[in-house]
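Residue numbers (my numbering): 711 to 1350.
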């Protein structure tokens, strides 16, 4: 226990954690242990399955099932050893505040401005999953085959090994309550207990198990002629993902099981100067470093992190269908045209279930405008209310390897729309629903949707060297140099992804949408695809303006399409047979061979990492990033 040995009492100590608190200074590099470490995660999946096939006449029956036990444990507290902050206030010049002092000197004097610490809580999530299926491949005629199947999946609710999880009850806004499993006796810390009640009335999984997960499957293959086949299919597929992210926020990180506490010294930032009306820091009550994290200074957070699971949560599912015609064209080439579609239902989404109503008054308190007015903070609300739709036309021509050449050419026109491309909208949209009361207003282009995409890939054995059309009569020695070369590559032409224009000029709604931060939108007053009003911009930035106070803005989600790209990657390689045991391969690889500049409207990651789509920033509308330029590399590989 290094902290206790060196005079830092009050730091939690366990077999998986130890060391000093993190010490941060206003004028020196930090010392001590980093936050969010150790990060200990264990994932296990134990599976037992069996499958049976029975052939009878024109039928091939298949039956099977699986029992799977999933486990995920996570131990990654933010401040497992605590943090202590040191500024220059305690060592400042009392006669002229803010003109002297040192954070490191305050540390040497043993005077900390404050700190934070959380309990050591190891969350251990577990659940069993059961699935069964039956299928009949029925060859009705030599030309027609039907596939008929039914699958059933039971994703039981996620449980914590020690029943240390809870859900905030949003159905009773005037009596804030956290529901925990029956028999759970852990209590809230004093200040939280004065605001929130604990009700040990829940099941181990907190919500009922969805038992209605029947997934029919239907497939058809019909031979229209000797060279033409029609195929079609339909199926329902359940996505029994975890009950929210296994990390924080999730049910295992609700109070009373996970609590972060902080303290601030009673002395103000500047040193004692009674003549200026400041508190005398020599008065009793000041906490010195040798006292560590004093119990009488630790206070509950006024805005605890709360998580709520919708009691009507069900398993999300996707309906998928397709229709295709494939024809052999000769020259070992196959052509296929197909339509594919899907529809997502009851997909997982994250909301701020305690979002304040918008108001034109920027100084209006938020608490009275919240669904749970006694809790003046956001509440992460996990629901199954997402929806998606996908439709595509796909063309494919493929030549099997013959005469030294194989290739595949494919083109896809696709349109994917949804109201959340992941549980909380996606990084390109600041991870944020504007208004949790109207998630349908976010229904638009998916963040990953690409309207047009063409890909051509190939492998070609160059007709050079011994026995080939060119230089076919060379000797073995020269053939080592000119023979056996192959050319391969992939060329891609694609339209761009979609982005959302946000407003960086202020929080005009005076609300706090989303689970990670407010995503204020501007108003659209013109055509973004029109002629740019600012020279050098990618879109018409004058099409957007600040909204009225008290509104979220009328700009929809993912209404702006970024630039497309053209990339041709190719390689030239050759394998030399050195002996019966050794082969040497030489490769020259060219990425973005033509060095085509492929601009980016926004960097990957949170949208704020590139302000091209944020109104009110100097980079709004400008293309300030690009994909990788041409890169050339050579390599040798010895195989034996």
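Backbone N, C-alpha and C define an ideal beta-carbon position, used for all residues, glycine too.
Item	Value
Straight-line gap, residue 1341 to residue 1106 (C-alpha atoms, nearest Å)	29 Å
Own chain residues within Cβ distance below 8 Å of residue 1074, not counting five before or after	1220
Per-residue DSSP class, three states only, for residue 1219	coil
Buried versus exposed, by CB contacts within 10 Å (16 or more), residue 917	buried
Reduced DSSP secondary structure (H/G/I, E/B, other) of residue 1332	coil
In chain order, each beta strand (DSSP E) run of at least 3 residues that lies wholly inside the segment 768 to 828	769 to 785, 793 to 796 and 824 to 828
Three-state secondary structure assigned by DSSP to residue 934	coil
Extent of the continuous alpha helix (DSSP H) to which residue 1188 belongs	1186 to 1192
Per DSSP, cross-strand counterpart(s) of residue 1152	Looking at the DSSP assignment, residue 1152 forms no beta bridge with any residue, so it has no partner.
Residue of 876, 833 and 1163 minimising C-alpha distance to residue 782	833
Rounded C-alpha distance that separates residue 1049 from residue 1033	5 Å
Spatial distance of residue 1088 from residue 1062 (CA atoms)	6 Å
Continuous beta strand (DSSP E) stretch holding residue 1018: start and end	1016 to 1019
Reduced DSSP category for residue 859 - H, G, I as helix; E, B as strand; rest coil	strand
Same chain, Cβ closer than 6 Å to residue 883, neighbours up to 5 away in sequence not counted	1081 and 1082
Chain-order list of residues whose beta-carbon lies under 7 Å from that of residue 1181 (same chain, five-residue window excluded)	1174, 1175 and 1192
8 Å Cβ cutoff, residue 1335 in contact with chain B	Absent from the structure is chain B; it holds one protein chain and no more.
Residue 990 in three-state terms, based on DSSP	Its pLDDT being 47, under 50, residue 990 is placed unreliably in this model, and the coordinates cannot settle the point.
Three-state secondary structure (DSSP) of residue 875	coil
Residue span of the alpha helix (DSSP H) that contains residue 1237, given as start and end	Run containing residue 1237: none; DSSP gives neither H nor E here.
C-alpha gap between residue 816 and residue 802, whole angstroms	9 Å
6 Å Cβ shell around residue 1112 - same chain, five flanking residues per side excluded	1042
CA-to-CA distance, residue 1321 to residue 1327, given in whole angstroms	6 Å
Of the residues 731, 894 and 1246, the one placed nearest residue 911, counting alpha carbons only	894
Option nearest residue 1056 by Cα separation, candidates 747, 922, 810 and 844	922
C-beta contact flag for residue 1127 and residue 1168 at 8 Å	no
Top-ranked residue by Cα proximity to residue 1170, from 964, 1281, 1093 and 1263	1281
Separation of residue 899 from residue 974, as counted between CA atoms	18 Å
Beta-bridge pairing of residue 890 - partner residues as DSSP gives them	None, per the DSSP bridge assignment.
Cβ-Cβ separation, residue 1233 to residue 1265 (assumed contact under 8 Å), whole Å	7 Å
Residue 760 classed as buried or exposed, judged by whether at least 16 other C-beta atoms fall within 10 angstroms	exposed
Residue range of the beta strand (DSSP E) that includes residue 1200	1195 to 1204
Opposing strand residues paired with residue 1253 [DSSP bridges]	Its beta-bridge partners do not exist; DSSP assigns none.
Local Cβ density within 10 Å of residue 920, reported as buried at 16 or more and exposed below that	buried
Cβ contact check for the segment 1183 to 1191 and the segment 1231 to 1251: 3 or more pairs under 8 Å	no
Inter-residue CB distance, residue 907 and residue 886 (contact presumed, cutoff 8 Å)	7 Å
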